[in-house]
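When you line the sequence shown up against this note's numbering, it's residues 1 to 106, in that order.
Glycine included, every Cβ here is placed at the ideal spot set by N, Cα and C.
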Amino acid sequence: MELRPGDCIEPFPEDFAVTVVPCTVPHAAEFATTYVVPDGPWPGMKELGRVTQSGCGPRMRYVPERKDEVKVAGLVPSEEDWPKRRTVYCLAVPAAGGKLVGRVIL
1 MELRPGDCIE PFPEDFAVTV VPCTVPHAAE FATTYVVPDG PWPGMKELGR VTQSGCGPRM
61 RYVPERKDEV KVAGLVPSEE DWPKRRTVYC LAVPAAGGKL VGRVIL
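Right, here's the structure in full:
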């Protein structure tokens, strides 16, 4: 299955296998977009976290009145998958923890 912007995910995925649920039920994350990490050597998990913020953040389109409720998270490629897979799946997650209810991504 291919994710579309606004697909709601529960629970937060441990890997790239996700479960899409209706956004009307409490959910851990909402898919926004993807970002392809530039080619090069394995950057490490800390750098992938920074790249997720800088690569995903500007590309995410939020429901304006809900933008302050969320922060950026991402599913990132593992070292074992590098460099074949360099795509980060950009997710909106609750900034204060807990669950989201309703859409936060346009």
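Put simply, the backbone Cα of alanine 32 is about 15 Å away from that of proline 13. Burial check for proline 41: the Cβ neighbour count within 10 Å stays below 16, so the residue is exposed.
For valine 93, the enclosing beta strand (DSSP E) has its first and last residue at 87-94. In this structure the stretch 68-82 touches the stretch 92-104; the number of beta carbon pairs closer than 8 Å is three or more. Membership of glutamate 47 in any beta strand (DSSP E) is not indicated; the residue belongs instead to the alpha helix (DSSP H) covering 45-56.
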